[in-house]
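Chains as they are written, first to last, in full-length UniProt numbering: chain A, 1 to 337; chain B, 1 to 337. Glycine included, C-beta positions come from ideal geometry on N, C-alpha and C. What follows is a short report on a single structure.
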DNA sequence: GACCGTCGTCGAAGCGCTTCGACGACACTG
DNA sequence: CAGTGTCGTCGAAGCGCTTCGACGACGGTC
């Protein structure tokens, strides 16, 4: 059997409460006592029993991460967030319970009301998301990565997609480009109400209008043919498009570059290209792309932070938007006269 | 505060042990009592406290899933296994704690010796894998999905990659093909000692020799150029290769089809193509490919089953190989004379 | 020197559940 | 009808931990 706190106390010749306080640091402990306890712990390979700790301490040190991974979502990007959340949680000594697919919603109720978890990280938030409702009504420490339509009473974190869209538009507008395109996600993604593609697209269109640009939108299917078609359409019959922003999966972006190349268009001489809100590495693309990165670790570690702050104290509901940054890799250039 | 078993007992007018037995079914309960208890549970929205249950019952109903997700591994395929494990676990009323990256090894010790989890599912097993050692020495209920070099004392489950390789070889050999190629993973994957690519490749080479075939191996990098080069090499200067087996990521497979098409080679008229041990859907490829599928749900649910069997009883160490199946989609044809 | 505060330690009371042993109430045996 | 089971229920003893209150031993104050 595994050693218990009783064994440690006996070996160290102190009471169990002393051991507990030595471990938690909630009361001062004499130097010599502490050392005896520490060596007893080492000797016995003592690890506190998680169940007992949860029961007595009312903390499990587990966070639920809910990520539906809906059929048409793009796994790598979403998993990057799950991983980032897991890593961030470990930095605070929390473990992560994974709730996916149907459990993403159903399991949320179960794990919170059985006090299996201390808090919840909600990923891939839709504009209308059951889980947002659930979190609100359950009144459990939680942070959403993404912004639902109704943020009332919730703690949300996300990249500032609107600002990212403006940043991309400005870059092209400042370069003198007049006709710009946005290559987005497959139509089904917009239909589902996934929030960030919509937010990005709206801000893109709005700000392009403010900057007096002509805008063309594409929502290619994932197939080669789909990309080819969308690119052809966006370029226009006269191929007068000179600025292209891509806010989509890596395969689509790579294929787009292939298609541009095949069409004899050079980047950035003929077309300036920006990869926006991408979770993957665009520096290995051919050519490497300018990017406004979406860094999972950033939003997730903030979400974990805010959740833990709610567990240990109290946090005002809020929406925190992370300002975007622009990484220049030479895939944009001023428009040639 | 959440309702406890005490509240339920009070409302139902019985003792707490009766409630507990009603819940677990470990002793018979009178019909009327059971109903009173059930309605009390509904009324109070009672959910047993996970920590207390773990402490008293010595079961947490949590399984650890360890998946290192090493830098060069292909996320979608690996995550498919994580998801399958989570889903399978839920079917047995177990939740899943995710251990990735550095925690995949380090966290294993922590979560088992603190009794946070009842068992462990080990994914992406290397030929030489620390986690196999750890599981052996920890003596914790566990199942590995994949086969380490030393399986002594371990419970392992996996697709029978050797049989899959033979199946692919036989299909081509029976079709009269004499020169066959295997397009595998990037070199780094083989170098790392990931076990299934190696097992597949070895069996492929061995069995092709038995069938008197000439074998060409390719291990393309993920880039377009990498694929193009590997395909050119495998086809040979005379393009005498007529059978191709792909055991690699979906992007590489798609690109290979693009490259074949660009080279004017038709599938299956000029080249017969088989996708082997693939976790993704090859029916949407152009053309749809014959496939020997690797079904994560299959190995994972068996792994979960075997782990839970170890928790509740005892299971002999073993290696269970899942027989491969062949799905015909018309991408192979007899060799033209 | 009486008084106070801090430090370091202990004992004991839970936390909410499972499970063992006990026991009354029956329904069978023979 | 005494003996033997099974059924349905209860009380109580933990499971291993945290935390509260208490208390002796000091060192400082006035």
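Bridge partner(s) assigned by DSSP for residue i
{"i": "residue 300(A)", "result": "Paired residues: none, contrary to the question."}
{"i": "residue 156(A)", "result": "144(A), 319(A)"}
{"i": "residue 246(A)", "result": "183(A), 275(A)"}
{"i": "residue 95(B)", "result": "62(B)"}
{"i": "residue 194(A)", "result": "126(A)"}
{"i": "residue 217(B)", "result": "182(B)"}
{"i": "residue 100(A)", "result": "67(A)"}
{"i": "residue 119(A)", "result": "63(A)"}
{"i": "residue 290(B)", "result": "274(B)"}
{"i": "residue 327(A)", "result": "291(A)"}
Inter-residue Cα distance where the pair is residue i and residue j
{"i": "residue 268(A)", "j": "residue 330(A)", "result": "7 Å"}
{"i": "residue 335(A)", "j": "residue 107(A)", "result": "53 Å"}
{"i": "residue 299(B)", "j": "residue 5(A)", "result": "39 Å"}
{"i": "residue 86(B)", "j": "residue 296(B)", "result": "11 Å"}
{"i": "residue 221(B)", "j": "residue 227(B)", "result": "6 Å"}
{"i": "residue 287(A)", "j": "residue 186(B)", "result": "21 Å"}
{"i": "residue 199(A)", "j": "residue 147(B)", "result": "46 Å"}
{"i": "residue 241(A)", "j": "residue 260(A)", "result": "12 Å"}
{"i": "residue 31(A)", "j": "residue 38(B)", "result": "54 Å"}
{"i": "residue 223(A)", "j": "residue 253(A)", "result": "12 Å"}
{"i": "residue 282(A)", "j": "residue 289(A)", "result": "5 Å"}
{"i": "residue 274(B)", "j": "residue 332(B)", "result": "7 Å"}
{"i": "residue 70(A)", "j": "residue 84(B)", "result": "14 Å"}
{"i": "residue 190(B)", "j": "residue 229(B)", "result": "19 Å"}
{"i": "residue 42(A)", "j": "residue 135(B)", "result": "21 Å"}
{"i": "residue 239(B)", "j": "residue 239(A)", "result": "38 Å"}
{"i": "residue 140(B)", "j": "residue 3(B)", "result": "33 Å"}
{"i": "residue 327(B)", "j": "residue 173(B)", "result": "17 Å"}
{"i": "residue 219(B)", "j": "residue 35(A)", "result": "56 Å"}
{"i": "residue 284(B)", "j": "residue 95(B)", "result": "33 Å"}
Beta carbon of residue i nearer than 7 Å to that of residue j
{"i": "residue 124(B)", "j": "residue 78(B)", "result": "yes"}
{"i": "residue 340(B)", "j": "residue 63(B)", "result": "This structure gives no information on residue 340(B), because the portion of chain B shown stretches from 1 to 337."}
{"i": "residue 121(A)", "j": "residue 309(A)", "result": "no"}
{"i": "residue 164(B)", "j": "residue 292(B)", "result": "yes"}
{"i": "residue 97(A)", "j": "residue 97(B)", "result": "yes"}
{"i": "residue 167(B)", "j": "residue 324(B)", "result": "yes"}
{"i": "residue 279(A)", "j": "residue 265(A)", "result": "no"}
{"i": "residue 315(A)", "j": "residue 306(A)", "result": "yes"}
{"i": "residue 113(B)", "j": "residue 50(A)", "result": "no"}
{"i": "residue 195(B)", "j": "residue 127(B)", "result": "yes"}
{"i": "residue 248(A)", "j": "residue 184(A)", "result": "yes"}
{"i": "residue 76(A)", "j": "residue 28(B)", "result": "no"}
Pick from the options that is closest to residue i, judged by C-alpha positions
{"i": "residue 276(B)", "options": "151(B), 71(B), 155(B), 171(B)", "result": "171(B)"}
{"i": "residue 232(B)", "options": "318(B), 209(B), 99(B), 258(B)", "result": "258(B)"}
{"i": "residue 59(A)", "options": "29(B), 45(B), 96(B), 116(B)", "result": "116(B)"}
{"i": "residue 175(B)", "options": "272(B), 144(B), 132(B), 293(B)", "result": "272(B)"}
{"i": "residue 100(B)", "options": "131(B), 44(B), 127(B), 113(B)", "result": "131(B)"}
{"i": "residue 208(B)", "options": "319(B), 244(B), 32(B)", "result": "244(B)"}
{"i": "residue 155(A)", "options": "166(A), 142(A), 167(A)", "result": "142(A)"}
{"i": "residue 225(A)", "options": "333(A), 251(A), 20(A)", "result": "251(A)"}
{"i": "residue 322(A)", "options": "274(A), 307(A), 278(A), 161(A)", "result": "161(A)"}
{"i": "residue 312(B)", "options": "150(B), 254(B), 139(B), 118(B)", "result": "118(B)"}
{"i": "residue 33(B)", "options": "111(B), 82(B), 1(B), 19(B)", "result": "19(B)"}
{"i": "residue 81(B)", "options": "93(B), 68(B), 274(B)", "result": "68(B)"}
{"i": "residue 138(B)", "options": "3(B), 110(B), 1(B), 151(B)", "result": "110(B)"}
{"i": "residue 193(B)", "options": "3(B), 73(B), 7(B), 53(B)", "result": "73(B)"}
{"i": "residue 7(B)", "options": "196(B), 190(B), 136(B), 47(B)", "result": "47(B)"}
{"i": "residue 236(A)", "options": "196(A), 52(A), 217(A)", "result": "217(A)"}
{"i": "residue 150(B)", "options": "157(B), 133(B), 158(B), 159(B)", "result": "133(B)"}
{"i": "residue 105(B)", "options": "75(B), 263(B), 95(B), 66(B)", "result": "66(B)"}
{"i": "residue 340(B)", "options": "197(B), 75(B), 328(B), 35(B)", "result": "No information on residue 340(B) is available, as it lies outside the stretch 1 to 337 that chain B covers here."}
{"i": "residue 93(A)", "options": "301(A), 326(A), 328(A)", "result": "301(A)"}
{"i": "residue 169(A)", "options": "246(A), 140(A), 234(A)", "result": "246(A)"}
beta-carbon residue i near the ligand MG non-hydrogen atom, thresh 6 Å
{"i": "residue 154(A)", "result": "Ligands in the displayed structure: none, and consequently the ligand MG is not present."}
Would you check if the region 9–29 of chain B and the region 198–208 of chain A touch, i.e. whether three or more CB-CB distances between them fall below 8 Å?
No contact exists between the region 198–208 of chain A and the region 9–29 of chain B.
Do the region 4–15 of chain A and the region 4–18 of chain B meet, that is, are 3 or more Cβ pairs less than 8 Å apart?
As far as the Cβ criterion goes, the region 4–15 of chain A does not touch the region 4–18 of chain B, which means the pair count is below three.
When you compare the region 213–224 of chain A with the region 179–199 of chain A, are there three or more beta-carbon pairs, one atom per stretch, that lie closer than 8 Å?
A contact exists between the region 213–224 of chain A and the region 179–199 of chain A.
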